[in-house]
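Note that numbering that gives the first Met the number 0 numbers the sequence shown so that position 195 is 194, with each residue one more than the last.
Yeah, the Cβ is synthetic: ideal placement off N, Cα and C, and Gly gets one too.
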Amino acid sequence: MRTYLAILKYALKYKSSLALSIIFNIISIFFSAVSLTMLIPFLQVLFNRASPIRELPPFSLSAQWMLDFFNYHIGKILISEGPVSALLWVCIVVVIMFFMKNLTRYLGQFFMAKVRNGLLRDLRQDLYDKVISLPVNFFTYRRQGDLISRITTDVQEIEWSIVNMIEVVIKEPLTIIAYLTLLLIMSPQLTLFILLLLPITGFIIGQIGKSLKKESVEAQNLTGRLAALVEETIRGITIVKIFTAEKLLKNIFKTVNERLYKARLSSLRKRELSSPLSEFLGIVIVVIVLWFGGRMVLSGTSSLTPETFITFVVIFSQIINPAKSFATAFYHIQRGMAAAERVMEILTTEDNVPQPKNPIYISSFDNSIRFEHVWFAYDKQNFVLKDINLTIKQGEKVALVGPSGAGKTTLVYLIPRFYDPTKGKISIDSHDLRTLDIYSLRKLIAMVPQEPIIFHDTILNNIRLGNPSASMEEVINAAKAAHAHEFIVNLPDGYETVVGERGLRLSGGQRQRIAIARALLKNAPILILDEATSNLDAESEQLVQKGLENLMKGRTAIIIAHRLATVKQSDRIIVLDKGRIVEQGTHEELIKQNGLYASLVSKQNLMETNPPS
Ligand code: ADP
């Protein structure tokens with residue numbers, strides 16, 4: 000129910016269009032009711048049973064008045080011009096009524112299109128805005144494909160359900176009520192009889208709807224998994240091929256695909272059942288009505304005239320359609336709600352790295368970054384960082400070293416508040432990070448990751464990411480300092496060259512240098528570097544190194560260091576092992592200690608003097 004309301008709230012943003020659509024739909028229902036009742040005078044003229052009204056009764060907004068009004072005029076024509084002309088007039092009025100009915104119906108849909116489409120646009124935008132603002136840990140537990148499928152497929156599914164929901168809530172009930180009122184006027188007995196039969200039909204259809212929702216949830220989850228699989232396969236295609244894992248992945252895909260097939264097959268079949276089932280149930284009811292009504296007419300004792308009875312049956316058959324779409328809409332809604340729940344789950348995810356209520360804004364970094372008894376676990380149990388105590392002074396260059404999995408990346412990710420410590424406190428210039436405005440904190444930090452992310456855009460925009468208002472001159476200066484300018488100007492469109500998806504058209508070293516230029520342009524006082532390891536050739540590595548040196552000048556830097564050269568140049572080396580700081584000091588001091596660092600260094604030296612062939 001909450002999901003329904005949440006989605007309806009989106010529709011209510013388009014109040015005026017929604018209102019217009021409802022108004023036109025009501026007018027359309029009015030015209031269709033009137034055009035159907037026209038059948039009575041038509042049949043009366045045809046069967047020569049017309050009993051024209053001599054005097055027009057005073058105006059009232061009722062079906063009876065409409066009938067009388069029509070009867071009066073038809074009567075006049077009948078007397079003055081004969082039955083053929085009267086028939087012609089009836090036909091012309093019927094055509095006009097149907098034209099008006101369809102015109103207003105179209106206008107109703109015309110305005111509804113805006114509501115549907117606008118709602119979808121808003122929902123997509125909100126989802127994207129939410130996704131981009133969610134904390135980093137949200138993404139580590141979720142697969143990208145699944146997220147993408149929620150933003151695309153599920154939102155589409157909601158469109159169907161919303162359209163149907165609006166019809167179910169507004170249009171169809173009104174149509175049904177209007178027709179039922181007409182029927183009641185014509186024959187209360189028969190109508191009450193129908194009203195007794197309808198709930199039984201409704202119940203049967205409702206039961207199928209329930210089981211359909213369960214299957215839809217499963218089908219949508221599986222669709223998400225498939226999308227995730229495809230996305231991972233494409234991203235890791237080289238790995239898949241080199242490990243000849245095609246068969247393995249094909250099998251995994253096949254299993255999920257097969258489950259999706261089964262879930263969908265059963266839900267499709269049930270959905271398809273709704274239409275024949277409701278048609279059949281409808282016809283059974285019509286036949287029952289024909290039987291009872293026919294007997295009433297034949298007996299001659301009731302007030303039901305043959306032409307009223309025929310019209311009654313025709314109007315009743317017209318109820319079947321809205322009632323049927325009422326039922327089908329019900330199925331769509333069940334499916335749509337499954338999708339809406341998946342979408343709402345994202346929209347209502349709480350930010351567990353929240354912006355403080357009264358944030359402190361900082362614009363400079365003057366003293367130090369301090370970690371005090373910091374513990375951190377991704378899953379609240381297995382601590383990846385244990386009792387970290389560390390002070391990094393302004394201007395200091397600190398290298399983090401240690402075996403892989405020691406917690407180096409996690410430690411640096413705590414500084415821009417990608418995560419909050421499970422226990423303990425991190426502060427910048429004695430402000431607890433949790434009290435700072437997140438954006439002002441992140442403005443102080445630039446980052447060059449091991450695998451730089453290059454967006455599918457021009458080189459210029461890629462560099463400008465951290466400072467969109469930078470002038471061309473500033474961009475070029477940053478690129479020069481990053482030793483990227485030279486290769487950029489040799490690209491086909493220079494700075495305007497659009498980089499292929501995930502930067503595939505650039506080499507590893509070139510991507511690194513773009514990332515360095517980006518960080519230089521951001522001109523933030525704190526730098527986080529995750530050094531690229533071995534994927535650079537010697538020349539490229541040298542250029543990257545020079546770029547990094549320019550970047551680090553005058554800044555505080557925390558470097559996840561893989562190379563001895565960087566480590567030696569840093570002011571202090573922090574050695575991490577299994578989440579704890581085990582040693583710290585300068586290169587010389589640590590070598591003297593002859594501990595973990597010394598053994599890591601001797602291993603690396605060995606590798607460098609005797610590279611594995
Ligand atoms: P390092 O950078 O030193 O190689 P990390 O900080 O990447 O180490 O990882 C430290 C530990 O935390 C590892 O055991 C790793 O498996 C775990 N880890 C890293 N990222 C996540 C994550 N997003 N969710 C759960 N565990 C993680």
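Let me know the secondary structure DSSP gives N609 once reduced to three states.
Only weak support exists for where N609 lies, its pLDDT of 49 falling under 50; the value from the coordinates is given anyway. Note: N609 maps to coil in three-state DSSP.
In angstroms with no decimal places, state the Cα-to-Cα distance between I318 and F311.
11 angstroms
Considering only heavy atoms of ligand 1, list every residue whose Cβ is less than 5 angstroms from one of them, following chain order.
T139, Y377, V383, S403, G404, A405, G406, K407, T408, T409
The beta strand (DSSP E) spanning H372 covers which residue range?
367 to 376
To the nearest angstrom, report how far apart V600 and A445 are at their CA atoms.
28 angstroms
Tell me the rounded alpha-carbon separation between K269 and L197.
21 angstroms
Sub-8 angstroms separation of L133 and D350 beta-carbons
yes
So, using beta-carbon positions, are P305 and E171 closer together than 8 angstroms?
no
Starting from K407, follow the alpha helix (DSSP H) in both directions and report where the run begins and ends.
407 to 412
Which residues in the same chain as Y412 place their Cβ atom closer than 8 angstroms to its Cβ, once the five residues preceding and following it in sequence are excluded?
V135, Y418
According to DSSP, which residues form a beta bridge with F382?
A376
Taking the Cβ atom as the reference point for each residue, do L443 and A523 lie within a distance shorter than 8 angstroms?
yes
Strictly under 8 angstroms for the Cβ-Cβ distance: is F329 near chain B by that measure?
Any reference to chain B falls outside this structure, which holds one protein chain only.
Kindly provide the ranges of any alpha helix (DSSP H) runs that are 4 or more residues long and lie completely inside the region 87 to 148, ordered along the chain.
135 to 139, 143 to 148
Assuming V574 and Q583 are in contact, meaning their beta carbons sit under 8 angstroms apart, how far apart are those beta carbons, in whole angstroms?
7 angstroms
Let me check one thing: in DSSP terms, what residues is G621 bridge-paired to?
Because the chain here runs from 0 to 612, residue 621 falls outside it and cannot be looked at.
Proximal residues to I425 (C-beta, below 8 angstroms), its chain only, five neighbours per side dropped
I368, R369, F370, E371, V373, L413, I414, D431, L432
Cβ shell of G493 (< 7 angstroms), same chain only, five flanking positions each side left out
I487
Report buried or exposed for M111, applying the criterion of at least 16 other Cβ atoms within 10 angstroms of its Cβ.
buried
Answer with buried or exposed for K521, where buried requires no fewer than 16 other C-beta atoms within 10 angstroms of its C-beta.
buried
Should G107 and F23 be called a contact, given that it needs their Cβ atoms to be closer than 8 angstroms?
yes
In the DSSP assignment, what are the bridge partners of F390?
It is Thr, not Phe, that sits at residue 390 in the sequence shown. Per DSSP, R369.
Mind checking who V447 pairs with in its DSSP beta bridge?
L528
Check whether the Cβ atoms of D145 and G223 sit closer than 8 angstroms, and answer yes or no.
yes
Looking at the structure shown, is Q592 part of a helix, part of a strand, or coil, going by DSSP?
helix
Can you pull the DSSP bridge partners for G201?
The partner list for G201 (beta bridge, DSSP) is empty, contrary to what the question assumes.
Buried/exposed call for W88, threshold 16 Cβ in 10 Å:
buried
Around the Cβ of P610, are there at least 16 other Cβ atoms within 10 angstroms (buried) or fewer (exposed)?
Caution applies to P610, whose pLDDT of 48 falls short of 50 and renders its modelled position unreliable; the value that the coordinates give is listed next. That one is exposed.
Through-space distance from L225 to E485, alpha-carbon basis
43 angstroms
Could you tell me the distance, in whole angstroms, from the CA atom of L21 to the CA atom of I169?
Strictly speaking, residue 21 in this sequence is Ile, with Leu absent from that position. Distance between the alpha carbons of I21 and I169: 7 angstroms.
Could you spell out the range, first to last residue, of the beta strand (DSSP E) harbouring G584?
579 to 584
May I have the straight-line CA-CA distance separating D67 from F325, to the nearest angstrom?
33 angstroms
G423 (DSSP reduced to helix, strand or coil)
strand
Chain-order list of residues whose beta-carbon lies under 8 angstroms from that of D121 (same chain, five-residue window excluded):
Y9, K12
Could you name each continuous alpha helix (DSSP H) segment of 4 residues or more that falls completely within the region 240 to 323, going from the start of the chain to the end?
245 to 298
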